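Numbering (this note's numbering), first residue to last: 7 to 149. A virtual CB, placed ideally from N, CA and C, is assigned to each residue, including glycine. In this text the structure is predicted, and so the values were computed from the model without any measurement. Let me begin by presenting the structure, written as C-alpha coordinates, before commenting on it.
Structure follows, in C-alpha coordinates:
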(Lines of atoms letter the chains of each structure in order from A and count residues from 1; the text may use other names and numbers.)
(Lines give C-alpha, C1' and ligand atoms only; values in the text may rest on other atoms or scores of the structure.)
Protein backbone atom coordinates (compact mmCIF):
# COMPACT_ATOMS: atom_id res chain seq x y z
CA UNK A 1 0.00 0.00 0.00
CA UNK A 2 1.27 3.43 -0.88
CA UNK A 3 2.72 5.14 2.16
CA UNK A 4 0.73 8.23 3.02
CA UNK A 5 3.05 10.85 4.34
CA UNK A 6 3.52 14.48 5.15
CA UNK A 7 2.17 16.89 7.55
CA UNK A 8 3.22 20.17 8.85
CA UNK A 9 2.73 21.28 12.46
CA UNK A 10 3.65 23.93 14.96
CA UNK A 11 2.65 22.04 18.11
CA UNK A 12 0.04 19.54 19.24
CA UNK A 13 -4.77 19.36 20.72
CA UNK A 14 -7.70 18.45 18.43
CA UNK A 15 -8.38 14.96 17.13
CA UNK A 16 -7.61 14.81 13.44
CA UNK A 17 -5.66 12.44 11.25
CA UNK A 18 -2.49 13.84 9.63
CA UNK A 19 -0.30 16.85 9.70
CA UNK A 20 -0.20 20.57 10.20
CA UNK A 21 1.51 23.84 9.65
CA UNK A 22 0.52 27.03 11.38
CA UNK A 23 0.12 29.55 8.62
CA UNK A 24 -1.26 33.03 8.63
CA UNK A 25 -4.04 33.13 6.03
CA UNK A 26 -3.98 36.25 3.89
CA UNK A 27 -7.78 36.22 3.73
CA UNK A 28 -7.96 36.42 -0.07
CA UNK A 29 -11.26 35.21 -1.49
CA UNK A 30 -10.19 34.44 -5.06
CA UNK A 31 -9.59 30.93 -6.44
CA UNK A 32 -5.85 31.19 -5.92
CA UNK A 33 -5.11 32.11 -2.34
CA UNK A 34 -1.69 32.94 -0.97
CA UNK A 35 -0.86 32.13 2.64
CA UNK A 36 2.39 32.82 4.43
CA UNK A 37 4.39 32.83 7.62
CA UNK A 38 7.83 34.29 8.16
CA UNK A 39 9.32 32.41 5.17
CA UNK A 40 6.74 29.84 4.10
CA UNK A 41 4.47 30.75 1.17
CA UNK A 42 2.11 28.72 -0.98
CA UNK A 43 -0.83 29.14 -3.34
CA UNK A 44 -3.90 26.95 -3.66
CA UNK A 45 -6.26 25.87 -6.41
CA UNK A 46 -9.33 23.60 -6.47
CA UNK A 47 -8.57 19.97 -5.59
CA UNK A 48 -9.52 16.98 -7.71
CA UNK A 49 -11.16 13.66 -6.75
CA UNK A 50 -11.33 12.23 -4.20
CA UNK A 51 -11.15 15.67 -2.53
CA UNK A 52 -13.58 17.64 -4.71
CA UNK A 53 -14.63 20.82 -2.92
CA UNK A 54 -11.28 21.19 -1.12
CA UNK A 55 -8.14 22.95 -2.33
CA UNK A 56 -4.68 21.66 -3.19
CA UNK A 57 -1.15 23.04 -3.21
CA UNK A 58 2.37 21.94 -4.03
CA UNK A 59 5.19 22.37 -1.53
CA UNK A 60 8.83 21.36 -1.49
CA UNK A 61 9.47 19.11 1.50
CA UNK A 62 12.88 17.59 2.03
CA UNK A 63 13.90 18.59 -1.47
CA UNK A 64 10.87 16.86 -3.06
CA UNK A 65 7.81 18.56 -4.54
CA UNK A 66 4.67 17.22 -2.85
CA UNK A 67 1.09 17.60 -4.11
CA UNK A 68 -1.07 18.14 -1.03
CA UNK A 69 -4.74 18.50 -0.17
CA UNK A 70 -5.20 21.58 2.03
CA UNK A 71 -7.33 21.32 5.19
CA UNK A 72 -7.78 25.00 5.98
CA UNK A 73 -11.11 25.14 7.77
CA UNK A 74 -12.39 23.39 10.89
CA UNK A 75 -14.58 20.84 9.05
CA UNK A 76 -11.72 19.80 6.74
CA UNK A 77 -9.27 19.54 9.65
CA UNK A 78 -11.68 17.40 11.69
CA UNK A 79 -12.32 15.05 8.74
CA UNK A 80 -8.64 14.85 7.79
CA UNK A 81 -7.91 11.49 6.19
CA UNK A 82 -10.46 9.54 8.20
CA UNK A 83 -12.14 6.65 6.40
CA UNK A 84 -10.22 7.27 3.17
CA UNK A 85 -8.91 4.28 1.24
CA UNK A 86 -7.04 6.41 -1.29
CA UNK A 87 -5.41 9.80 -1.66
CA UNK A 88 -5.76 9.68 -5.43
CA UNK A 89 -2.91 11.68 -6.98
CA UNK A 90 -2.04 13.41 -3.68
CA UNK A 91 1.01 12.80 -1.48
CA UNK A 92 -0.60 13.89 1.77
CA UNK A 93 -2.59 16.56 3.55
CA UNK A 94 -1.50 19.96 4.79
CA UNK A 95 -3.35 21.31 7.83
CA UNK A 96 -3.46 25.09 7.84
CA UNK A 97 -4.51 27.25 10.79
CA UNK A 98 -5.15 31.02 10.80
CA UNK A 99 -2.50 31.49 13.52
CA UNK A 100 0.00 29.38 15.47
CA UNK A 101 -1.94 26.91 17.60
CA UNK A 102 -1.58 23.76 19.65
CA UNK A 103 -3.34 20.68 18.33
CA UNK A 104 -3.23 16.91 18.90
CA UNK A 105 -3.86 14.26 16.29
CA UNK A 106 -5.41 10.82 16.53
CA UNK A 107 -5.51 8.06 13.96
CA UNK A 108 -9.18 7.32 14.67
CA UNK A 109 -10.62 5.58 11.58
CA UNK A 110 -7.56 6.45 9.46
CA UNK A 111 -6.92 3.12 7.65
CA UNK A 112 -3.21 3.43 6.84
CA UNK A 113 -0.07 4.36 8.82
CA UNK A 114 1.01 7.99 8.42
CA UNK A 115 4.17 9.97 8.90
CA UNK A 116 3.54 13.36 10.47
CA UNK A 117 6.16 16.05 10.05
CA UNK A 118 6.18 18.85 12.58
CA UNK A 119 7.41 22.22 11.34
CA UNK A 120 7.77 25.63 12.93
CA UNK A 121 5.85 28.62 11.65
CA UNK A 122 8.98 29.60 9.69
CA UNK A 123 8.94 26.27 7.81
CA UNK A 124 11.91 24.74 9.67
CA UNK A 125 11.51 21.02 10.52
CA UNK A 126 11.06 20.27 14.22
CA UNK A 127 10.39 16.51 14.39
CA UNK A 128 8.70 13.58 12.69
CA UNK A 129 6.46 10.84 14.05
CA UNK A 130 5.08 7.60 12.64
CA UNK A 131 1.38 7.14 13.49
CA UNK A 132 -0.43 3.79 13.34
CA UNK A 133 -4.09 3.24 12.41
CA UNK A 134 -6.74 3.09 15.15
CA UNK A 135 -10.19 1.71 14.32
CA UNK A 136 -11.74 3.09 17.52
CA UNK A 137 -13.27 6.49 18.40
CA UNK A 138 -11.05 9.53 19.08
CA UNK A 139 -11.25 9.19 22.86
CA UNK A 140 -10.01 5.60 22.63
CA UNK A 141 -7.05 6.30 20.33
CA UNK A 142 -3.65 7.69 21.34
CA UNK A 143 -3.14 11.39 20.56
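Per DSSP, which one or two residues make a beta bridge with residue i?
i	result
residue 80	DSSP lists no partner for residue 80.
residue 52	61
residue 66	71
residue 99	75
residue 131	125
Within the same chain, show all residues whose beta-carbon is closer than 7 angstroms to that of residue i, passing over the 5 residues directly before and after it, in chain order.
i	result
residue 139	113, 116, 117, 118, 119
residue 72	12, 64, 65, 97, 98
residue 136	119, 121
residue 44	Reliability fails at residue 44, whose pLDDT of 38 lies under 50, so the model's placement of it is uncertain and the value that follows must be treated cautiously. Only 127, 128 meet the Cβ criterion.
residue 85	none
residue 149	21, 110, 111, 112
Tell me which same chain residues have a C-beta within less than 8 angstroms of the C-beta of residue i, skipping the five on either side of it?
i	result
residue 91	117
residue 147	21, 112, 113, 114, 140
residue 130	none
residue 94	54, 55, 56, 57
Compute the beta-carbon to beta-carbon distance between residue i and residue j, rounded to the nearest angstrom, for a pair I have assumed lies under 8 angstroms.
i	j	result
residue 62	residue 74	6 angstroms
residue 60	residue 76	7 angstroms
residue 121	residue 134	6 angstroms
Can you name, in chain order, every residue of its own chain whose Cβ lies under 6 angstroms from the Cβ of residue i, other than the five neighbours on each side?
i	result
residue 89	115
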